[in-house]
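Reading through the structure tokens given below for one structure.
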DNA sequence: TGCCAGGCCGGGT
DNA sequence: ACCCGGCATGGC
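Residue numbers (our numbering): 19 to 242.
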């Protein structure tokens, strides 16, 4: 059996139950306490480095940057030529170096690399700006908004698509903003809940909702 | 060994 | 509006 997305063993989830599902997952899986990172800038960098990449591969890159004193906008830009070497373990290291440079340049030019200054701009306006930056798409922009800048923006990723398409809330290939709207419309606008919910979905995706031949009998959602 | 990982971009139809 | 190839390392 290859496809599971429409198999009956996946319990159907409806939009109105998203809030209850959150509390269920939090109770059964425990708080994930994201984002694993200390400063806002470290989280921004991590959001780019983890694109289509295992987080474990990113941690050593972050450690390299920290050791080199490059985990701040000014030094990262000044030492930008050493980025490929520093972030090699994250994969796509050449293109991700370009993405980090374009992001840091934007952050320095527009906000002098200051969290205080970027926090003065509304989430809606910031999202549009971030999407103009080379290498920042919907998920990366929203990860920065939610996890680095504490804005109530729900992050949609491949795990979210996989989990909820199997449970027939969405189609896997639905537009990003369409999926996001379902969460925004059916959850209280609470940053901490958006934060924890996405982290729980990643945990669920990693451990129970595998791409091929998923072992659905172990998925906690079955007993929701 | 091959598949997968917390995407995004550019070109083609 | 889709669809696709390219980008790349490290763990199981």
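Built from N, CA and C at the ideal position, the CB exists for glycine as well.
Beta-carbon proximity list for residue 215, same chain, < 6 Å, skipping 5 on both sides:
Counting only Cβ-Cβ distances below 6 Å, and skipping sequence neighbours, we find 40.
I'd like to know whether the C-beta atoms of residue 131 and residue 75 end up nearer to each other than 8 Å.
No, the Cβ-Cβ distance between residue 131 and residue 75 is not below 8 Å.
What's the gap between the Cα of residue 210 and the Cα of residue 101?
Here the alpha carbon of residue 210 sits roughly 32 Å from the alpha carbon of residue 101.
Check whether the Cβ atoms of residue 73 and residue 217 lie closer than 8 Å to each other.
Their beta carbons are not under 8 Å apart, which means residue 73 does not touch residue 217 by this criterion.
Work out the CA separation of residue 94 and residue 86 for me, nearest whole Å.
Straight-line Cα distance between these residues: approximately 9 Å.
Whole angstroms are fine: how far does the CA of residue 163 sit from the CA of residue 13?
Lying before the first or after the last residue shown, residue 13 is absent from the chain, which here runs from 19 to 242.
Is residue 82 near the ligand MN, with its Cβ less than 7 Å from a heavy atom?
Annotation note on the ligand MN: not contained in the displayed structure, which lists no ligands.
Pick helix, strand or coil for residue 69, following the three-state DSSP scheme.
Coil.
For a test of the three-state rule: what should DSSP assign to residue 83, helix, strand or coil?
If DSSP states are grouped into helix, strand and coil, residue 83 belongs with the helices.
Does residue 91 pass the burial test, meaning 16 or more other C-beta atoms within 10 Å, or should it be called exposed?
Residue 91 counts as buried, since no fewer than 16 other beta carbons sit within 10 angstroms of its beta carbon.
Rounded to the nearest angstrom, what separates residue 115 and residue 105 at their Cα positions?
When rounded, the distance between both Cα atoms is 8 Å.
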